[in-house]
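Q: Just passing along the structure, written as structure tokens.
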Amino acid sequence: MLPRVAIFLSFAAMASLGTVASAADYPDHPIRVIVSVPAGGGVDTVTRMVTDRMRPALGQPLVVENKSGVSGSLAAETVFKADPDGYTLLASQPAPITTNAVLYKSLNYVPAELVPVAIMSHVPNVVLVRKDFPAKTVPELIAYAKANPGKINMGSAGIGTPPHAFGELFKMLAHVDMVHVPYKGSYVPDLLSGQLNVVFAPIPTVIAHVKSGKLRALAVTSTKRSPALPDTPTIAEFVPGYDASGYFGFGAPASTPKDIVDTLSKTINAIITDPATEEKLVALGVEPIQMTPAQYGKLIADETEKWGKVVEAAHMTID
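Residues 0 to 318, numbered by numbering that gives the first Met the number 0, are exactly what the sequence shown covers, in order.
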């Protein structure tokens with residue numbers, strides 16, 4: 000795993016390179032946005048909300064394409080191999096640009112060479128159980144897991160994805176044993192039917208089921224409570240030191256010109272801080288965040304270091 004400083008310098012260097020295009024006439028045709036999750040997923044929902052607002056701001060349509068699979072690697076590879084002209088962007092959660100570098104023995108792209116453009120939102124996850132599950136609180140979940148080691152199954156969107164990594168961190172800090180069940184598609188139907196016991200899901204993906212009462216929220220994974228679920232405590236209130244939040248952001252191919260990256264970043268930041276957009280994002284359970292490309296690059300570097308340690312400690316590897 001690359002040292003945090005090396006990763007950050009790599010991001011900064013790549014963002015500053017490139018003379019292929021100029022922001023003077025950018026954009027003059029549609030922009031492709033490759034989303035790392037299936038349609039309807041949290042990243043997809045937020046991305047479409049933001050890109051709808053980007054169209055009038057940039058004067059060109061943004062065409063959203065979903066390319067899920069391999070923990071977001073298929074989408075990241077597509078963008079990595081695209082021309083560095085600002086017309087192909089990656090919209091993703093952290094895995095394709097952080098944990099995948101440690102998780103996979105080989106990738107067809109270099110995560111650290113993808114240029115950070117802008118972060119759309121900070122995304123806490125929520126610990127969910129089916130409504131008839133015996134545990135109704137985090138302490139009860141811990142007690143139940145300790146009384147039934149290896150009998151609780153924990154679903155995720157795949158090995159190394161945030162729901163998996165967040166669950167592994169919980170297992171480590173709470174000293175419990177739960178069996179990980181990775182899914183290629185949505186794990187929500189099996190949670191609703193009772194085939195799954197617990198998930199650490201992004202709030203936008205499941206908030207409707209929580210509000211309808213079909214699923215029970217035990218806690219959110221961030222260090223502060225979510226405005227979308229104000230009565231739901233944080234895991235840290237019961238498990239000291241627990242802090243696990245994702246984020247949704249945009250990236251671009253290596254060597255994308257800095258002026259184009261800056262144009263995109265300023266446009267996205269203006270949209271997510273607009274009160275009308277901000278209100279919609281908060282209702283989904285995400286927190287709009289304004290960052291420069293350099294600040295976003297540092298966040299990625301920090302997260303790569305943090306979750307790389309979790310991946311290694313939990314012995315998560317994929318050939």
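Just so it is clear, CB atoms sit at the ideal spot from N, CA and C, and this is done for glycine as well.
Whose C-beta lies closer than 7 Å to the C-beta of Y25 among residues of the same chain, with five residues either side of it excluded?
A: G85, I259, T262
Q: What's the call for A146, buried or exposed, on a 16-neighbour Cβ count within 10 Å?
A: exposed
Q: Pull up the distance between the alpha-carbon of F132 and that of N152, whole angstroms please.
A: 12 Å
Q: For my contact list, A100 and A111 are in at a C-beta cut-off of 8 Å; report their separation, rounded to the angstrom.
A: 7 Å
Q: Go ahead and pull the three-state DSSP assignment for I317.
A: strand
Q: Which residue wins for smallest C-alpha separation from P239, given the options K170, E311, L73, H28?
A: K170
Q: Within its chain, find whatever has a CB closer than 6 Å to the CB of Y246; leave out the 5 residues flanking it on each side and keep chain order.
A: I118, H121, V122
Q: What's the call for D230, buried or exposed, on a 16-neighbour Cβ count within 10 Å?
A: exposed
Q: When you compare the CB of P203 with every CB in chain D, is at least one pair closer than 9 Å?
A: Absence of chain D from the displayed structure is noted, only one protein chain being present.
Q: Mind listing, in chain order, the continuous alpha helix (DSSP H) runs of no fewer than 4 residues lying wholly within the segment 114-166?
A: 137-146
Q: Report back the beta-carbon spacing between G41 and K130 to the nearest angstrom; my notes put them in contact at under 8 Å.
A: About 22 Å separates the two Cβ atoms, so there is no contact after all.
Q: Compute the distance between the beta-carbons of L127 and A23, then report whether it is under 9 Å.
A: No. Outside cutoff.
Q: Who pairs with P201 in a beta bridge, going by DSSP?
A: N124
Q: Based on DSSP bridge pairs, tell me the residues matched to A56.
A: A56 pairs with nothing; no bridge assigned.
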